[in-house]
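Colleague: For the sequence shown, the residue numbers in my numbering are 18 to 316. Each residue gets a CB set at the ideal place from its N, CA and C atoms; glycine is no exception. For reference, the structure I am asking about is given below.
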Amino acid sequence: MKKYVEEETWQDDDRRWLAYRAGALHIEDVRLGAVAAAIPTPFYCYSAGAIRSAYMTLSRALTPIDVAICYAVKANSNIAVLRLLAELGCGMDIVSGGELERALAADVPASRIIFSGVGKTRAEIARAIQVGIHQINVESAAEISVVAEVARALGKRAPVAFRVNPDVDAKTHAKITTATKDSKFGIAIGQVPDLYAQVAAVPELEAVGVAVHIGSQIYDMEPFRRAFSAMAELVTEMRGRGLSVPRLDLGGGIGIASGDKPGPDIGRYAAIIAETVGHLGCKLAVEPGRWLVGRAGLL
Ligand SMILES: *Cc1c(COP(=O)(O)O)cnc(C)c1O
């Protein structure tokens, strides 16, 4: 594939990566008809340039506020895609043991991997702890007990962040709305400080912070502002109670352009992060999935 071209304009101009030229569909400089003649069809083809460009756009916007980017592997778990992002310095957000193995196979250091998601098995939790995972985002009081049991059996300590449900409507499709109080995700925000205080006293667990992910395909930035502001208030309240909250994970969900609908302005997204949580001094992370890869490939 063509050498990486550093450009800011990916959201507006991804036709550079996927385009018809002289009536023939191309990805970068590669004519897909030539690929189809050489290998069995159907196949997926991804533009490394488009993925690098998206990553660099987001990374540049977030650098001034020092936010780690952890790609949500469920958006595309192709190991070549993971490797490409890992080489750029990207961490990963995984939701299963299979995704953990794929990330490790792509040479992503465990110290850059966050384990999210409901329904983690004991075996998956054990493997994550054994490889030295950066953080396990716990979804419920019941899961906290399971992680503690698994860590105890291993004689290790597990770094846990609390997935918080801030009861904010992401104003997106109901099936990808994950932070209203009716959703199955996260611990109700009002219960977090007490539960976190309990965990801080459990020797097998290291309470490292709080996390939020309000949904996907979000175009209106206001739900982000509301959710991140709620998290800032929560962190302040927790610290007021003497709790240590070194990390804040803001989740993914940035909408991608499709058809005539433009994607949100990444500069505004970064500004909202800076305005709402920039003053806390937490180590910040985001977990974009679709936005990094969703327009970079074809079947
Ligand atoms: C799906 C998911 C993401 C990524 O969502 P996108 O809309 O693809 O950015 C991030 N974090 C968690 C916990 C998720 O479940």
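1) I need the straight-line Cα distance from G268 to V229, nearest angstrom please.
2) At a cut-off of 6 Å, is A217 close to ligand 3 when judged by its beta-carbon and the heavy atoms of the ligand?
3) Go ahead and pull the three-state DSSP assignment for Q28.
4) Answer with buried or exposed for L309, where buried requires no fewer than 16 other C-beta atoms within 10 angstroms of its C-beta.
5) Can you tell me which of the three DSSP states S275 falls into?
6) Are the beta-carbon atoms of I130 and A120 separated by less than 7 Å?
7) Does the stretch 189-198 come close enough to the stretch 142-155 that 3 or more CB-CB pairs lie under 8 Å?
8) Near G203, which residues of its chain fall below 7 Å by C-beta distance, leaving aside the five closest residues on each side in sequence?
9) Does DSSP classify F202 as helix, strand or coil?
10) Do you know how far the Cα of E223 is from the Cα of A217?
11) Which same chain residues end up closer than 7 Å to L35 when comparing Cβ atoms and leaving out the 5 residues on each side of it in sequence?
12) Who are the Cβ neighbours of V135 in its own chain at under 7 Å, not counting the five residues just before and after it?
13) Quick one: measure Cβ to Cβ for V125 and A103, integer angstroms, because I've assumed they're closer than 8 Å.
14) If I'm right that G232 touches G270 with Cβ under 8 Å, what's the distance once you round it to whole angstroms?
15) Does P210 pass the burial test, meaning 16 or more other C-beta atoms within 10 Å, or should it be called exposed?
16) Restricting to runs no shorter than 4 residues, where is the alpha helix (DSSP H) found entirely within the stretch 104-137?
17) Per DSSP, what are the beta-bridge partners of N154 in this structure?
18) Given that a residue counts as buried once 16 or more other Cβ atoms are within 10 Å of its Cβ, and exposed if not, what is Q147?
19) Sorted by chain position, which residues of the same chain lie with C-beta nearer than 8 Å to P81's C-beta, five sequence neighbours on each side aside?
20) In three-state terms, what does DSSP make of E223?
21) Among Q208, N93, D46, which one has its Cα closest to the Cα of G311?
22) Looking at the strands, I want to know which residues DSSP matches up with H43.
23) Nearest by alpha-carbon distance to L260: which of M73, C299, G50 is it?
24) Near S76, which residues of its chain fall below 7 Å by C-beta distance, leaving aside the five closest residues on each side in sequence?
25) Could you have a look at I86 and say whether DSSP puts it in helix, strand or coil?
26) Is there at least one non-hydrogen atom of ligand 1 closer than 6 Å to the beta-carbon of G108?
27) Helix, strand or coil for L301? Go by DSSP, reduced to three states.
28) Any idea what DSSP makes of V267, helix, strand or coil?
29) Take the Cβ of R4 as the centre, count every other Cβ of all protein chains shown within 10 Å, and call the residue buried at 16 or more, exposed below.
Modeller: Reading from the atomic positions:
1) 5 Å
2) Summarising the ligand content, the structure contains ligand 1 and does not contain ligand 3.
3) For Q28, the pLDDT reaches just 43, beneath the cut-off of 50, and the residue's location in the model is therefore unreliable, although a value from the coordinates is still provided. If DSSP states are grouped into helix, strand and coil, Q28 belongs with coil.
4) buried
5) Three-state result, S275: strand.
6) yes
7) no
8) E156, R180, V181, N182, A196
9) coil
10) Pairing A217 with E223, the inter-Cα distance amounts to about 7 Å.
11) I44, S64, L315
12) E156, K201, F202
13) 5 Å
14) 5 Å
15) buried
16) 114-122
17) A178
18) exposed
19) If we look at P81 and ignore the five residues flanking it on each side, its Cβ neighbours are A287, A291.
20) In the structure shown, E223 sits in a strand (DSSP, three-state: E or B).
21) Per the Cα distances, N93.
22) A36, R48
23) Looking only at M73, C299, G50, the smallest Cα-Cα distance to L260 is reached by C299.
24) Counting only Cβ-Cβ distances below 7 Å, and skipping sequence neighbours, we find I86.
25) Looking at I86 - three-state DSSP - the assignment turns out to be strand.
26) no
27) Reduced to three states, the DSSP call for L301 is strand.
28) The question names Val, yet the displayed sequence has Leu at residue 267. Residue state, collapsed to three classes: coil.
29) Outside the displayed range of the chain (18 to 316) lies residue 4, so it cannot be described from this structure.
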